[in-house]
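J.:
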Amino acid sequence: MKGFAMLRIGETGWIEKDRPACGPNDAIVQPLALSPCTSDIHTVWEGAIGERENMILGHEGCGVVVEVGSAVKDFKVGDRIMVAAITPDWMSVEAQAGFPMHSGGMLAGWKFSNFKDGVFGEYFHVNDADGNLALLPDNISPAEACMLSDMVPTGFHGVELANVQFGDTVLVIGIGPVGLMAVAGANFRGASRIIGVGTRPNCIEVAKAYGATDIVSYKDGDIADQVLEMTNNKGVDKIIIAGGDVDTFETAVRALKPGGIIGNVNYLGGGAYIKIPRVEWGVGMGHKTITGGLMPGGRNRLEKLGALVASGRLDVSLLLTHRFEGFEKVEDALYLMKDKPGDLIKPVVVL
Ligand code: NDP
Ligand code: ZN
Numbered sequence: 001m002k003g004f005a006m007l008r009i010g011e012t013g014w015i016e017k018d019r020p021a022c023g024p025n026d027a028i029v030q031p032l033a034l035s036p037c038t039s040d041i042h043t044v045w046e047g048a049i050g051e052r053e054n055m056i057l058g059h060e061g062c063g064v065v066v067e068v069g070s071a072v073k074d075f076k077v078g079d080r081i082m083v084a085a086i087t088p089d090w091m092s093v094e095a096q097a098g099f100p101m102h103s104g105g106m107l108a109g110w111k112f113s114n115f116k117d118g119v120f121g122e123y124f125h126v127n128d129a130d131g132n133l134a135l136l137p138d139n140i141s142p143a144e145a146c147m148l149s150d151m152v153p154t155g156f157h158g159v160e161l162a163n164v165q166f167g168d169t170v171l172v173i174g175i176g177p178v179g180l181m182a183v184a185g186a187n188f189r190g191a192s193r194i195i196g197v198g199t200r201p202n203c204i205e206v207a208k209a210y211g212a213t214d215i216v217s218y219k220d221g222d223i224a225d226q227v228l229e230m231t232n233n234k235g236v237d238k239i240i241i242a243g244g245d246v247d248t249f250e251t252a253v254r255a256l257k258p259g260g261i262i263g264n265v266n267y268l269g270g271g272a273y274i275k276i277p278r279v280e281w282g283v284g285m286g287h288k289t290i291t292g293g294l295m296p297g298g299r300n301r302l303e304k305l306g307a308l309v310a311s312g313r314l315d316v317s318l319l320l321t322h323r324f325e326g327f328e329k330v331e332d333a334l335y336l337m338k339d340k341p342g343d344l345i346k347p348v349v350v351l
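Mapped onto the working numbering, the consecutive letters of the sequence shown carry residue numbers 1 to 351.
Following this line, the structure appears as structure tokens:
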């Protein structure tokens, strides 16, 4: 089969591989739609997870089951399915401990385009099919289903990590597709004020549609200075970080109230340390919590978030700014993601 791969750090290309083998608990899926992710860009061009050779890229997609293992109970050939970017081993001790995303080691629940070939192939392999697949509801298009692989669950996980409560003032740093879903999630959780940070006009417009009440540009000066001015020097209750870099934590800690929580879902592509400002962190006693996590993945979450989209309460189509037709277009879609033109939120390739 053909796949679009990372050949080595900084280099991509089409490669030929054998169709993946199906173990007893697994499924083999033929894609219906695929979407590149900013994480693919960090992986290929920043070498953020280290060297990978001839690894098929991609972790956002949906498809049709073409083969199932003998132990798979709930899925059969011909089922149209959704799958999350994170596909844990549900029998692992880490999953039992409540951290399926780290099953088998830190971040090891993230298998596609990390520890094995990703979804940008003519076929892709899904481990623990009963735990990691979900049936694609009829009224969710394949293009929309791609947003349920990663953008929705990751943005919403940021909201969970920050533990957004009714009435909170929430700062969402970064309003790319992940941050936009964090805005939507904070809105669902009853935030009273949602301040989004970003500059791309499309993203700003969509952030407002998802519930952002205010927008701050990180290019107009320090984020914390602007947020403190907007909040009578009080700062915000919760912060979700979905953009920026290792230095972003410094401004986030400054913008946060004592007792507040920062939930990071940003994939930090470079830098050895994150920065926590000592004084603004209450000289170590400010009860300002900093947490960060890979989204959990799994069928239960996919079914529930899918239900939110199927019900019409969450409209993910606002994220889909660029549409391509045909498998071979994953290359163009990935390079569009790399170049990030001003009007881009998410590209999607429909097969
Ligand atoms: P985008 O690049 O589309 O969006 C990034 C956002 O951050 C934009 O709004 C951008 O603003 C803003 N930004 C850029 N630089 C700064 C800065 N210095 N300070 C503040 N804001 C800044 O990314 P995505 O939404 O696609 O993804 C966000 C992050 O989440 C990525 O790092 C991605 O790899 C990661 N990720 C993490 C996952 C997880 O499970 N934890 C899963 C999926 C993705 P502007 O556009 O105006 O420049
Ligand atoms: Zn992704």
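We put the beta carbon where it would ideally sit given N, CA and C, even for glycine.
Hey, which residues come within less than 6 Å of the ligand ZN, measuring from Cβ to any heavy atom, in chain order?
T.: C37, S39, H59, E60, A85, D150
J.: Decide yes or no for the touch test of the segment 178-192 against the segment 93-104: beta carbon pairs closer than 8 Å, at least 3 of them.
T.: no
J.: Which residues in the same chain have their Cβ closer than 6 Å to the Cβ of I140, if we skip the five residues on either side of it in sequence?
T.: The sequence position of residue 140 within the sequence shown is 140, counting from 1. Around I140: V309, A310.
J.: Compute the Euclidean distance between the alpha carbons of G196 and V216, then round it to the nearest angstrom.
T.: Within the sequence shown, numbered from 1, the residue matching residue 196 stands at position 196. Within the sequence shown, numbered from 1, the residue matching residue 216 stands at position 216. Near 6 Å, if we compare the C-alpha coordinates of V216 and G196.
J.: How is Q165 classed by DSSP in three states: helix, strand or coil?
T.: The count along the sequence shown starts at 1 and reaches residue 165 at position 165. Q165 falls in the coil class under three-state DSSP.
J.: With three or more C-beta pairs closer than 8 Å as the rule, is the segment 260-276 touching the segment 296-307?
T.: no
J.: Mind checking whether R323 and V348 have CB atoms under 8 Å apart?
T.: Walking along the sequence shown from the start, residue 323 turns up at place 323. Walking along the sequence shown from the start, residue 348 turns up at place 348. Contact flag set, yes.
J.: Tell me the rounded alpha-carbon separation between V283 and A27.
T.: For the purposes of this step, residue 283 is identified with residue 283 of the sequence shown, where counting begins at 1. For the purposes of this step, residue 27 is identified with residue 27 of the sequence shown, where counting begins at 1. Roughly 51 Å between the two C-alpha positions.
J.: Starting from R254, trace the alpha helix (DSSP H) in both directions and tell me its first and last residue.
T.: As a position in the sequence shown, residue 254 is number 254, starting the count at 1. Element bounds for R254: 248-255.
J.: So does G263 have its beta carbon nearer than 7 Å to some heavy atom of the ligand NDP?
T.: What you label residue 263 is simply residue 263 of the sequence shown in a count that begins at 1. Every heavy atom of the ligand NDP is 7 Å or more from the Cβ of G263, so no.
J.: When the Cα atoms are used, what is the spatial distance from Y210 to P201?
T.: Along the sequence shown, one-based indexing puts residue 210 at 210. Along the sequence shown, one-based indexing puts residue 201 at 201. In a straight line, the C-alpha of Y210 is about 14 Å away from that of P201.
J.: With DSSP as the reference, please indicate the residues paired to R80 in a beta bridge.
T.: As a working mapping, residue 80 is identified with position 80 in the sequence shown. Looking at the DSSP assignment, R80 forms a beta bridge with V64.
J.: Taking 8 Å as the cut-off, decide whether the C-beta atoms of I262 and A162 are in contact.
T.: Translated into the one-based positions of the sequence shown, residue 262 becomes position 262. Translated into the one-based positions of the sequence shown, residue 162 becomes position 162. The answer is yes: Cβ separation under 8 Å.
J.: For N25, I'd like the list of residues in its chain whose CB is within less than 6 Å of its CB, leaving aside the five on either flank, ordered along the chain.
T.: For this step, residue 25 is matched to residue 25 along the sequence shown. Correct list, in chain order: G69, A71, D128.
J.: Verify the contact flag: R52, CB atom, against every heavy atom of the ligand NDP, threshold strictly below 7 Å.
T.: Here residue 52 refers to the residue found at position 52 of the sequence shown. Not one heavy atom of the ligand NDP sits closer than 7 Å to the Cβ of R52.
J.: Evaluate S149 with the Cβ neighbour count: other Cβ atoms within 10 Å of its Cβ, from every protein chain shown; 16 or more gives buried, anything less gives exposed.
T.: As a position in the sequence shown, residue 149 is number 149, starting the count at 1. Burial call: buried.
J.: Examine the ligand NAP and report whether any of its heavy atoms sits within less than 7 Å of the Cβ of I173.
T.: Ligands displayed in this structure: the ligand NDP and the ligand ZN; the ligand NAP is not among them.
J.: With a CB to CB cut of under 8 Å and the five nearest residues on each side skipped, what residues in its chain are close to L7?
T.: Residue mapping note: residue 7 aligns to position 7 of the sequence shown, counting from 1. Sequence-distant partners of L7 (beyond 5 residues in either direction) whose C-beta falls short of 8 Å from its own C-beta, in its chain, are G13, I15, E53, N54.
J.: Using alpha carbons as the reference points, say which of Y123, N114, Y267 lies closest to D18.
T.: Your numbering for residue 18 matches position 18 in the sequence shown. Taking only the C-alpha atoms, the option nearest D18 is Y123.
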